[in-house]
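Okay, structure first, notes after.
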Amino acid sequence: QEVGTSWTKSVSDKGEYVRKASQFRSWISNDKSSNFAAESGRYHLYVCFACPWAHRALIVRELKGLTDAITVNVVDWHLKPGGWRFSPDKPGCTADDVNGFNTLREVYTSVDPAYSANITVPVLYDKKKRTIVSNESAEIIIMLNSAFNCVCGRADLDLYPEEFRAEIDSVNEFVYNNVNNGVYRAGFATAQEPYDEAVTKLFNALDDLENRLSTRRYLVGSPKSRLTLADVRLFTTLIRFDWVYHQHFKCNLRQLVDYPNLWAFTRDIYQLPGVSGTVNKEHIRKHYMMSHTQINPHGIVPIGPQLDLDKPHDREKLP
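Right, dumping it as structure tokens:
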């Protein structure tokens, strides 16, 4: 997840960015007797539109028809000393409607007063028990996919089908190590060697994914591919690539638009019902360019590039 203003604590002696593990790892179940039982209206998401990890949760919430069952609050895109805060006066941002706090740190410390680890988004919060269920995005989206089928609008949509879980997990591991986290390893590197290594692995992986998507619409499934969590997890990095990572994180060997299949895939996912509403270009661009002052000290936000995300993708022709 976004590491906030404490990002330097995640850089090794070799100048390599090392992501820290999430601290809250409970699970929601469709078993009514469980400690965290799936119920409509009980759970809440704290997110940032700019954050790719939080974006995963927003997309799955939309795809599964959970917008009425799970409420959402959006933190300020501008990450300043003190961490994520609520700024309801800013477009696209909200107040904390659940606890009335001013900062996300208060949400964490209300659950654990001694909490001293990173304050990250997304946060899946239990309004009944007034506690954090999870701040691990990879696990939150699995819960949103399956635990809430009793209250969601799309119980028929399974983004993590059992017959393809091994393949999904394999693709996710590859994409996470080389792409999702790869852009951060490049952008937050403080020495040439780890930067070079991260960028090389990133573009080798993008080349592999470009080839994979040349013969299939989605990343997983055979003989016919199908939409899964693997596609969601790749999309949230790709949608930010040309707007942010190419220039801000120096991932500039190629742009996303230079990859015909990856670019069309990104438009395909973007055009799925509900997904475009989870993409806030201004929050994305301003967050990175104005929050990471160690990378962009003057906070200048580039005007471009302009991307036509509504352009037909023609990927429905692929298996």
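Those letters in the sequence shown? Residues 1 to 319, by the UniProt record's numbering. Cβ atoms here follow ideal geometry from the backbone N, Cα and C, with glycine treated the same way.
Exposed or buried, residue i, counting other C-beta atoms within 10 Å across all chains shown (16 or more means buried)?
| i | result |
| --- | --- |
| S33 | exposed |
| H313 | buried |
| N177 | exposed |
| P122 | buried |
| N204 | exposed |
| D242 | buried |
| W126 | Trp is not the amino acid found at residue 126; the sequence shown has Asp there. Flag for D126 reads buried. |
| L307 | buried |
| D231 | buried |
| S194 | Sequence inspection shows Pro at residue 194; the Ser mentioned does not correspond to that position. Looking at its Cβ environment, which holds 16 or more other Cβ atoms inside 10 Å, P194 is buried. |
| G82 | exposed |
| T293 | exposed |
Sort out for me which residues DSSP pairs residue i with in a bridge.
| i | result |
| --- | --- |
| D169 | Its beta-bridge partners do not exist; DSSP assigns none. |
| T71 | H44 |
| V220 | R226 |
| T131 | D126 |
| A138 | For A138, which the question treats as bridged, DSSP gives no partner whatsoever. |
| R85 | T103 |
Below 6 Å CB to CB, which residues in the same chain sit around residue i once its five sequence neighbours on both sides are set aside?
| i | result |
| --- | --- |
| F235 | I269 |
| G299 | M290 |
| A138 | none |
| N149 | A155 |
| N180 | T237 |
| V151 | S40 and A69 |
So, for residue i: in the same chain, excluding its five sequence neighbours on each side, which residues have a beta-carbon less than 7 Å away from its beta-carbon?
| i | result |
| --- | --- |
| N252 | H246 |
| L262 | L206, L209, E210, L213, L238 and L256 |
| R315 | R217, A264, F265 and D268 |
| A198 | G182, R185, A186 and A189 |
Less than 8 Å between C-beta atoms, sequence neighbours within five positions excluded: which residues of the same chain meet that for residue i?
| i | result |
| --- | --- |
| F86 | N73, V75, D76, C93, T94, A95, D96, F101, N102, T103 and L104 |
| S225 | R216, R217, Y218, L219, L318 and P319 |
Between the Cα of residue i and those of the options, spot the shortest distance and give me the residue it belongs to.
| i | options | result |
| --- | --- | --- |
| L79 | L219, C51, A155 and Y125 | C51 |
| P297 | R226, I28 and Y288 | Y288 |
| T215 | V175, P260, H248 and Y160 | P260 |
| M143 | L66, G274, Y108 and G277 | L66 |
Inset, instruction - Count the CB pairs spanning the stretch 127-136 and the stretch 24-40 that are closer than 8 Å, and state whether there are at least three. - result: yes
Legend entry - At least three beta-carbon pairs within less than 8 Å, the stretch 255-270 to the stretch 237-246: yes
Legend entry - Three-pair Cβ contact test at 8 Å for the stretch 81-95 versus the stretch 55-66: As far as the Cβ criterion goes, the stretch 81-95 does not touch the stretch 55-66, which means the pair count is below three.
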